[in-house]
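Trainee: As they're listed, the protein sequences go chains U and D. With this note's numbering applied, the first sequence covers 1 to 465. With this note's numbering applied, the second sequence covers 1001 to 1205. Positions of the beta carbon are idealized from the N, C-alpha and C atoms, including for glycine. Take a look at the following structure, please.
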Amino acid sequence: MGKTLFDKIWDSHVITDLGNGFVLLHIDRLLLHDMSGGKALKEAIEKGYPPSQPRLIYGTPDHTMSTKPGRTEKSFPPGEPLILSMRETTSAYGIKLFDLGQDGQGIVHVMGPEQGLTLPGTTLVCGDSHTSTHGGMGTLAFGIGSSELVHVIATQTMVQRKPKRLRASFEGKLMPGVTAKDMILHLIGELGTAAGTGYSVEYAGSGVRALPVEARLTLCNLTIEMGARTGMVAPDDTTYEYLNGRDYAPKGAMWDRAVAHWRTLPTDADAEFDREHTIDMKNVAPQITWGTSPEHVIAVDRAIPDPSTGPEEKRGAWEAALKYQGLEPGKPIEGTPVDWVFIGSCTNSRISDLRAAAAIVKGRHKADHVTAWVVPGSVRIKAEAEAEGLDRVFLEAGFEWREPGCSMCLASNGERVPPGKRSVSTSNRNFVGRQGPGARTHLASPAMAAAAAIKGAIADVRKIG
Amino acid sequence: MDKFTKVTGVAVPMMRQNVDTDLIIRIERLVDNVGREGLGPFCFEQIRFKPDGSEDPDCIFNQEPYREAPIILAADNFGCGSSREGAVWALKGFGIKTVIAPYFGDIFNNNCFQNGILPVALPIEEIQLLADEMKASPGNARVTVDLENCVVVSPTGRTIPFQIDARRQHAMLNGLDDIAQTMSHKGEIEAWQSTDKTARPWVWL
């Protein structure tokens, strides 16, 4: 029987079998960010375990600083000690840090692929659940906790149990106004937020093969929102074209050797999955979440669900979500007034995302009552966007154009949606209080978020054109 | 790591689905320099307190006899979402020793085992019965979670077996440190790395 992409990478990284289903897995890349990076390095060192492979560890601050134009680590004082500690500990062990104000700094899941640190066929971990993002490059990548982080720093390995395999196939072409964000939200809506628990996911099918790398990263980013720690897209020519020439990608003869290896990785035709799910792309419309879990999602032209007609076991959760969100069941979601729009995060802050949003915004102005932010994912993306004039498109439309960071995705940096205010956000979580205590979040694609800023209400991007 | 052998106490029937780690501990509490041990007071703050900072009497964690409960009874997918280990530290600081749910977020589940908190997976019907028995005898009912024998004992004395990986059970019972165990494989790790440097030199920067 053939092997899946996941099995090929997993099996080739097993150092030893520990028994009872556990193996010791080699970790090829460890990425650090400011929330936990400095602390974990410090803890490892204090325990007597300095980094065993510092050349396989890379870091960048993203979580705990302001994204205000002209910011420094001092602009958000609570985050300063975390950034300083990261700076100090990485420098002590020669770990490369893409620091604030430097080329390369950005959201850690944007930085890795951008620098060519994220490579097909490798294992990559980071103390952040959205590490699944890197799977878009054909990388076995997953988020870990602080203790596991210390373990990787100390040993460059992890003790792991092999998950089951789920293949999600998207067949067909993107319909108008639809993006990778809509594909993954649609999938989570169909399968639920826990369908992937205990699984690794492979995204496949003609609809996925046609996606550029940045869209594949978005697709894999939300894998954790259906419960799976890791989601992957098999590497192909699209991947190699994206990767070739990037700073840390192999060069010359080494590049050819690497590509030859990567070409052996895609899932064999006779490989088997524990679960298969297929989606017809004809049925995927622009999505918007209505509740407080990513599975609370509908097509933008649908009505807000009524708990009394929903599945019995979800009734209580739906009622609580509608109450928190201040929404009435049965009414169309389109037209719901919006106060904030956030375009950014490790899900949707790459150049293609900013272009898609700018295409909607160009020549228009945001609604007066809306505060709209654009937070590019990295220093390089910001520069690229400015070279194309996208910053001017946003600024002329009344948007704020900010510095790279996680910003309002998770409110760990003083950047919050105020209590009771409604936000359309291109991020990945609409949990209670995620964007700030009492904040009401609706997840959507960059184009949908841009449309909401223009209309001042949740809007169907297909009607804006 | 702290050992876990057996816990007997009040079980709080939270019975909520998809309790995410953002709900367990807000991210800004992990930015503030309160330290791991200081997170308990902020555990579940968004549901325990009203916006004005006063306790919400409707929240079960604020009701007797559940205030000091060491056991949480929850519905599907407890601990989903963010990888923040602070969620486990907050639960620990709040006095929680074990959470019983049908299943858990994968990363949260791993984080629990790093901190001596036991996640116990039982069918939702069993958890509902435990919740019913707790509510039927407020003040007197106690639940026991026994890791050595892998059983939960209900307030009425029913014994419900649960499953756990033998490796994890052993580590929890003995408070073993993962890194020390892995270090015993140092030779194998170095041998693997040495071979890999020849096979995939492009990985080694």
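Do the CB positions of Pro163 of chain U and Gly138 of chain U come within less than 8 Å of each other?
Mentor: The answer is no: Cβ separation not under 8 Å.
Trainee: If the criterion is Cβ atoms closer than 8 Å, does the pair Ala359 of chain U and Ile343 of chain U meet it?
Mentor: The answer is no: Cβ separation not under 8 Å.
Trainee: Does His63 of chain U come out as helix, strand or coil in the three-state DSSP assignment?
Mentor: His63 of chain U: coil per DSSP, three-state reduction.
Trainee: Decide if the region 1100 to 1120 of chain D is in contact with the region 142 to 150 of chain U; the criterion is three or more beta carbon pairs, one per stretch, under 8 Å apart.
Mentor: Yes, the region 1100 to 1120 of chain D touches the region 142 to 150 of chain U.
Trainee: Cβ atoms of Thr289 of chain U and Ala457 of chain U: under 8 Å apart, would you say?
Mentor: Going by C-beta atoms, Ala457 of chain U is not nearer than 8 Å to Thr289 of chain U.
Trainee: Using CA atoms only, rank isn't needed, just tell me which of U:Arg209, U:Val375, U:Gly398, U:Lys47 is closest to His369 of chain U.
Mentor: Of the candidates U:Arg209, U:Val375, U:Gly398, U:Lys47, the one whose C-alpha sits nearest the C-alpha of His369 of chain U is U:Gly398.
Trainee: For a contact meaning CB atoms closer than 8 Å, what does Thr193 of chain U contact in chain D?
Mentor: Here the neighbours are Asn1018, Asn1077, Cys1080.
Trainee: Which same chain residues, not among the five before or five after Cys1043 of chain D, have their C-beta less than 7 Å away from its C-beta?
Mentor: Once the five neighbours on either side are set aside, the close Cβ partners of Cys1043 of chain D are Ile1024, Ile1025, Ala1090, Leu1091, Gly1093, Phe1094.
Trainee: Let me know if Thr239 of chain U comes out buried or exposed under the rule of 16 or more other beta-carbons within 10 Å of its beta-carbon.
Mentor: Counting Cβ neighbours within 10 Å, Thr239 of chain U comes out buried, since at least 16 surround it.
Trainee: For Ser412 of chain U and Asp62 of chain U, what's the separation of their Cα atoms in angstroms?
Mentor: Distance between the alpha carbons of Ser412 of chain U and Asp62 of chain U is about 10 Å.
Trainee: Output needed for Arg1168 of chain D: all residues of its chain with C-beta closer than 7 Å, excluding positions within five of it in sequence on either side, in chain order.
Mentor: The residues are Phe1113.
Trainee: Would you verify that the beta carbon of Ala1121 of chain D is, or is not, closer than 8 Å to some beta carbon of chain U?
Mentor: For Ala1121 of chain D, the answer is no, since every Cβ of chain U falls outside 8 Å of its Cβ.
Trainee: Under 8 Å: do the region 1181 to 1198 of chain D and the region 253 to 266 of chain U share three or more Cβ pairs, one atom per stretch?
Mentor: Short answer: they don't touch.
Trainee: Comparing the C-beta of Ala1166 of chain D with each C-beta of chain U, is any distance below 8 Å?
Mentor: By this cut-off, Ala1166 of chain D is an interface position.
Trainee: Excluding the 5 residues flanking Val297 of chain U on each side, which residues of the same chain have their C-beta closer than 6 Å to its C-beta?
Mentor: Counting only Cβ-Cβ distances below 6 Å, and skipping sequence neighbours, we find Leu185, Gly189, Gln287, Thr289.
Trainee: By the three-class DSSP mapping on this structure, what secondary structure does Cys126 of chain U have?
Mentor: Correct three-state label for Cys126 of chain U: strand.
Trainee: With a cut-off of 8 Å, does the C-beta of His369 of chain U fall near any C-beta of chain D?
Mentor: Cβ-Cβ to chain D under 8 Å: no for His369 of chain U.
Trainee: Taking 8 Å as the cut-off, decide whether the C-beta atoms of Glu403 of chain U and Pro69 of chain U are in contact.
Mentor: Contact: yes.
Trainee: Between which two residues does the alpha helix (DSSP H) containing Tyr248 of chain U stretch?
Mentor: Looking at the DSSP string, Tyr248 of chain U is not in any alpha helix (DSSP H), and its letter there is neither H nor E.
Trainee: Whose Cβ in chain D lies nearer than 7 Å to the Cβ of Leu41 of chain U?
Mentor: Within chain D, no residue comes near Leu41 of chain U; the closest Cβ sits about 14 Å away, beyond 7 Å.
Trainee: With DSSP as the reference, identify every bridge partner of Tyr203 of chain U, one or two as the case may be.
Mentor: Answer by DSSP bridge pairing, in chain order: U:Ala168, U:Val233.
Trainee: Find the residues of chain U that neighbour Gly1040 of chain D, judging by a C-beta separation of less than 9 Å, and give them in chain order.
Mentor: The premise fails here: Gly1040 of chain D is roughly 17 Å from chain U at the closest Cβ pair, so nothing lies under 9 Å.
Trainee: Mind pulling the chain D residues with CB within less than 8 Å of Leu119 of chain U?
Mentor: The answer, in chain order, is Trp1202, Val1203.
Trainee: Looking at the C-beta of Tyr1066 of chain D, does it have a partner C-beta in chain U at a distance below 8 Å?
Mentor: Not one chain U Cβ lies under 8 Å of Tyr1066 of chain D.
Trainee: Give the interface partners of Asp1032 of chain D over in chain U, defined as CB-CB distance under 8 Å, in chain order.
Mentor: Per Cβ cutoff of 8 Å: Pro78.
Trainee: Going straight from the alpha carbon of Arg87 of chain U to that of Glu43 of chain U, what length do you get?
Mentor: Going by the C-alpha atoms only, they are around 15 Å apart.
Trainee: Could you tell me if Trp1204 of chain D is buried or exposed, where buried requires 16 or more neighbouring beta carbons within 10 angstroms of its beta carbon?
Mentor: Result: exposed.
Trainee: What is the DSSP secondary structure of Cys1080 of chain D, counted as helix, strand or coil?
Mentor: Strand.
Trainee: Alpha carbon to alpha carbon, how far is Asp7 of chain U from Arg55 of chain U?
Mentor: The alpha-carbon atoms of Asp7 of chain U and Arg55 of chain U are separated by roughly 26 Å.
Trainee: If you follow the alpha helix (DSSP H) that Arg364 of chain U is part of, which residue opens it and which one closes it?
Mentor: Premise fails: Arg364 of chain U is in no alpha helix (DSSP H) and is neither H nor E.
Trainee: What does Ile1206 of chain D reach in chain U if we use C-beta pairs closer than 7 Å?
Mentor: With chain D running from 1001 to 1205 in the structure shown, residue 1206 of chain D is simply not present.
Trainee: Is any heavy atom in the ligand NAD found nearer than 7 Å to the beta carbon of Ala1191 of chain D?
Mentor: No copy of the ligand NAD appears in this structure; indeed no ligand is present at all.
Trainee: Please list the terminal residues of the continuous beta strand (DSSP E) segment that includes Ile1164 of chain D.
Mentor: Segment: none, Ile1164 of chain D is in no beta strand (DSSP E) and carries neither H nor E.
Trainee: Classify Glu400 of chain U as helix, strand or coil using the three-state DSSP reduction.
Mentor: In the structure shown, Glu400 of chain U sits in a strand (DSSP, three-state: E or B).
Trainee: If I'm right that Asn348 of chain U touches Thr193 of chain U with Cβ under 8 Å, what's the distance once you round it to whole angstroms?
Mentor: In fact, because the Cβ distance is near 19 Å, the residues do not count as touching under 8 Å.
Trainee: Just the C-alpha distance for Ser36 of chain U and Pro81 of chain U, rounded to the nearest angstrom, thanks.
Mentor: Ser36 of chain U and Pro81 of chain U: Cα-Cα distance of roughly 12 Å.
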